[in-house]
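This report refers to the structure that appears directly beneath it.
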Amino acid sequence: MVTHVNHANELSNDFAKAIQALSGVTLLNQSVLLKGVNDSVSTLSKLSMGLFELGILPYYLHLLDKVRGAEHFLVSDEEAQQLHKVLQKQLSGYLVPRLVRDENLAAKTWV
Numbered sequence: 001m002v003t004h005v006n007h008a009n010e011l012s013n014d015f016a017k018a019i020q021a022l023s024g025v026t027l028l029n030q031s032v033l034l035k036g037v038n039d040s041v042s043t044l045s046k047l048s049m050g051l052f053e054l055g056i057l058p059y060y061l062h063l064l065d066k067v068r069g070a071e072h073f074l075v076s077d078e079e080a081q082q083l084h085k086v087l088q089k090q091l092s093g094y095l096v097p098r099l100v101r102d103e104n105l106a107a108k109t110w111v
């Protein structure tokens, strides 16, 4: 099962209780990298560690789809790659989500 959590602030007590009810189920998380929301190493680290404490593996970190009206959340590829490199240095491998982009009608592309 895949959850969609973008920030550690979303890991509420109610969320934790719901996740506990899924004991025994493999849980993965996908997040979207959002400027001004979770585009820092400290925020992404807290998210990964918080997810793991609940038994959820941080699996994908998506680059934002380029859609009208969401440009203000866009993090450049260069910034995203730099953040990801620092995460790889600071966290254990299983805590670092894969940095990906969804392409039109294609499978995920590793960035």
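One point on numbering: in our numbering, the residue at position 54 of the sequence shown is 54, and numbering is uninterrupted. All C-beta atoms, glycine included, are put in the ideal place defined by N, C-alpha and C. Note that this is a predicted model, so its numbers are computed, not measured.
Compute the minimum distance between the beta carbon of Ser40 and the heavy atoms of the ligand GDP, and state whether it is under 8 Å.
No copy of the ligand GDP appears in this structure; indeed no ligand is present at all.
Which value, in whole angstroms, describes the spacing of the CA atoms of Lys46 and Leu64?
-> Taking the straight line joining both Cα atoms gives about 20 Å.
Where the beta strand (DSSP E) through Ser42 begins and ends: Here Ser42 belongs to no beta strand (DSSP E); instead the alpha helix (DSSP H) covers 41-53.
Check: Is Ile56 near Asn38, with beta carbons less than 9 Å apart?
Finding: Going by C-beta atoms, Ile56 is not nearer than 9 Å to Asn38.
Subject >> Distance, Leu22 Cα to Gly36 Cα >> reply: Straight-line measurement puts the Cα of Leu22 at about 31 Å from the Cα of Gly36.
First through last residue of the alpha helix (DSSP H) which encompasses Val100:
Counting along the chain, Val100 falls outside any alpha helix (DSSP H), though it belongs to the beta strand (DSSP E) covering 98-102.
Using the Cα positions of Thr43 and His7, report the straight-line distance between them to the nearest angstrom.
Thr43 and His7 have their C-alpha atoms spaced approximately 7 Å apart.
When Leu34, Ala18, Glu10 are compared against Ala70, the one with the closest alpha-carbon: It is Leu34.
Could you name the residues that DSSP lists as bridge partners for Thr26? Here Thr26 is not bridged, per DSSP, to any residue.
- Message: Just to confirm the assignment, what range does the beta strand (DSSP E) spanning Leu57 have?
- Response: Where Leu57 is concerned, the enclosing beta strand (DSSP E) stretches over 56-62.
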